[in-house]
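Chains as they are written, first to last, in our numbering: chain P, 567 to 650; chain Y, 41 to 165.
As C-alpha cells, the structure follows; a few thoughts come after it.
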C-alpha cells in the first residue's frame, strides 16, 4: 500500500481525467468539484486515515470510470450555460 | 445491387485505411505541425483560467507552477489535466511527477501532440 505523494497525485490526475470525460455538464462539473474538494479536505491526513482516504478514492475512481462509460452512452441536450 | 454497393464502399474504405497505414510506416506516428509557440500560447490561456497568484506577471517557459504561480501540488496537477484536455495528450505518470515549469509541460506536449483533426482527415483521405 503506497501513500507516496507521487501515487496520490497520480490518483488525483486519474480522477480528474475521468471527471472531465463526462459529456453531461452537470455531472462533469459536479465530479470535478467533488474530486478537488475531497482531495483538498484530506490533504493533511496522516497514517491510517490517509490510507483509508486513498482506498476510498481508488474505489471512487472505479465508480467514476464506470459511470463515465455508462453516462456517455446517452445523449444529453446542452445547457444554456455551455458553449455549443 | 445493394450487395454491390456495400462491397464497393467496403473496398474504398479498406483501401483508404490501407493508404493511411502506408503513410505512417516508418514514422509510426503522425508528425505534429502545431508549433511550439502555439502550444505555449494555448497553454497560457488554459493556465489563466486557474486562480494564479501573480496573474499580471508574464508567464514564460521558466515559470514554475509552485513558486511563481502560487499553485500547490493539487492545483498544478489540476492544471496538467486541463492541459491534457486542451491538447488531447496524456502526461505519463513519471513525467507528470517531474514537471515543475511551464516550459517542461509545453515541451512534453509538443512532442506528443497529434495534429488537429482536419489535417489528420486530409492525410487519411
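Every residue gets a Cβ at the ideal spot worked out from N, C-alpha and C, and that includes glycine.
Subject >> 8 Å Cβ cutoff met for residue 609 (chain P) and residue 120 (chain Y) >> reply: For the purposes of this step, residue 609 (chain P) is taken as the residue at position 43 of the first chain. For the purposes of this step, residue 120 (chain Y) is taken as the residue at position 80 of the second chain. Their beta carbons are not under 8 Å apart, which means residue 609 (chain P) does not touch residue 120 (chain Y) by this criterion.
**OP:** Starting from the Cα of residue 648 (chain P), find the closest Cα among P:594, P:614, P:633, P:600 and give me that residue.
**Re:** By one-based count along the first chain, residue 648 (chain P) stands at place 82. Checked all of P:594, P:614, P:633, P:600; the closest Cα to residue 648 (chain P) is P:594.
Original post:
At a Cβ threshold of 8 Å, is residue 136 (chain Y) touching chain P?
Top reply: The sequence position of residue 136 (chain Y) within the second chain is 96, counting from 1. Taking Cβ atoms only, chain P reaches closer than 8 Å to residue 136 (chain Y), which makes this a yes.
**OP:** Would you check if the distance between the CB atom of residue 2 (chain Y) and the CB atom of residue 101 (chain Y) is smaller than 8 Å?
**Re:** Nothing in the structure corresponds to residue 2 (chain Y), since chain Y is present only between 41 and 165.
Original post:
Does the separation of the CB atoms of residue 148 (chain Y) and residue 131 (chain Y) fall below 8 Å?
Top reply: Taking the second chain and counting its residues from 1, one reaches residue 148 (chain Y) at position 108. Taking the second chain and counting its residues from 1, one reaches residue 131 (chain Y) at position 91. Result yes, Cβ atoms of residue 148 (chain Y) and residue 131 (chain Y) sit closer than 8 Å.
Original post:
What distance in whole Å lies between the Cβ atoms of residue 94 (chain Y) and residue 110 (chain Y), which are believed to be in contact at a cut-off of 8 Å?
Top reply: Start at 1 with the first residue of the second chain, and residue 110 (chain Y) comes out as number 70. Start at 1 with the first residue of the second chain, and residue 94 (chain Y) comes out as number 54. Distance from residue 110 (chain Y) to residue 94 (chain Y) at the Cβ level is roughly 7 Å; contact confirmed, criterion being Cβ atoms closer than 8 Å.
Original post:
Where does residue 601 (chain P) fall in DSSP's three states?
Top reply: As a working note, residue 601 (chain P) is residue 35 in the first chain. When DSSP states are grouped into helix, strand and coil, residue 601 (chain P) belongs to the helix group.
Subject >> Chain-order list of residues whose beta-carbon lies under 6 Å from that of residue 74 (chain Y) (same chain, five-residue window excluded) >> reply: Indexing the second chain from 1 puts residue 74 (chain Y) at position 34. If the five residues before and after residue 74 (chain Y) are omitted, its C-beta is found closer than 6 Å to the C-beta atoms of 153, all from its own chain and listed in chain order.
Original post:
For residue 128 (chain Y) and chain P, any beta-carbon pair shorter than 8 Å?
Top reply: Within the second chain, the letter at position 88 stands for residue 128 (chain Y). Under the Cβ criterion of 8 Å, residue 128 (chain Y) is not counted among the residues facing chain P.
Subject >> Contiguous alpha helix (DSSP H) assignments of at least 4 residues, all confined to the stretch 576–635 of chain P >> reply: For the stretch 576–635 of chain P, the full-length alpha helix (DSSP H) segments reaching 4 residues or more read 591–607 along the chain.
Original post:
Along the chain, where does the alpha helix (DSSP H) that runs through residue 143 (chain Y) open and close?
Top reply: Walking along the second chain from the start, residue 143 (chain Y) turns up at place 103. Under the DSSP assignment, residue 143 (chain Y) falls in the alpha helix (DSSP H) whose first and last residues are 142–152.
**OP:** Whole angstroms is fine: what's the gap from residue 139 (chain Y)'s alpha carbon to residue 590 (chain P)'s?
**Re:** To locate residue 139 (chain Y), count along the second chain from 1; it is residue 99. To locate residue 590 (chain P), count along the first chain from 1; it is residue 24. Residue 139 (chain Y) and residue 590 (chain P): Cα-Cα distance of roughly 31 Å.
Subject >> Opposing strand residues paired with residue 104 (chain Y) [DSSP bridges] >> reply: The residue labelled residue 104 (chain Y) in the question sits at position 64 within the second chain. Looking at the DSSP output, residue 104 (chain Y) bridges to Y:141.
Original post:
residue 83 (chain Y) and residue 123 (chain Y): beta carbons closer than 8 Å?
Top reply: By one-based count along the second chain, residue 83 (chain Y) stands at place 43. By one-based count along the second chain, residue 123 (chain Y) stands at place 83. Yes. Within cutoff.
**OP:** Classify residue 135 (chain Y) as helix, strand or coil using the three-state DSSP reduction.
**Re:** If you number the second chain from 1, residue 135 (chain Y) lands on position 95. Residue 135 (chain Y): helix per DSSP, three-state reduction.
Subject >> The alpha helix (DSSP H) enclosing residue 94 (chain Y), as first and last residue numbers >> reply: Counting from 1 along the second chain, the entry for residue 94 (chain Y) is found at position 54. Taken as a continuous stretch (DSSP letters only), residue 94 (chain Y) belongs to no alpha helix (DSSP H), as it is neither H nor E.
Subject >> Collapsed DSSP secondary structure at residue 84 (chain Y) in the structure displayed >> reply: The residue you call residue 84 (chain Y) lines up with position 44 of the second chain. If DSSP states are grouped into helix, strand and coil, residue 84 (chain Y) belongs with the helices.
Original post:
In terms of residue numbering, what span does the alpha helix (DSSP H) encompassing residue 116 (chain Y) cover?
Top reply: Numbered from 1 along the second chain, position 76 holds the residue referred to as residue 116 (chain Y). Run containing residue 116 (chain Y): 113–127, per the alpha helix (DSSP H) assignment.
**OP:** Measuring only between beta-carbons, confirm whether residue 605 (chain P) sits less than 8 Å from chain Y.
**Re:** Here the question's residue 605 (chain P) lines up with position 39 in the first chain. At a cut-off of 8 Å between beta carbons, residue 605 (chain P) contacts chain Y.
Original post:
Looking at the C-beta of residue 582 (chain P), does it have a partner C-beta in chain Y at a distance below 8 Å?
Top reply: Counted from its first residue, the first chain places residue 582 (chain P) at position 16. Taking Cβ atoms only, chain Y reaches closer than 8 Å to residue 582 (chain P), which makes this a yes.
Original post:
Which residues in the same chain as residue 592 (chain P) place their Cβ atom closer than 8 Å to its Cβ, once the five residues preceding and following it in sequence are excluded?
Top reply: Against the first chain, residue 592 (chain P) aligns to sequence position 26. Cβ within range, chain order: 645.
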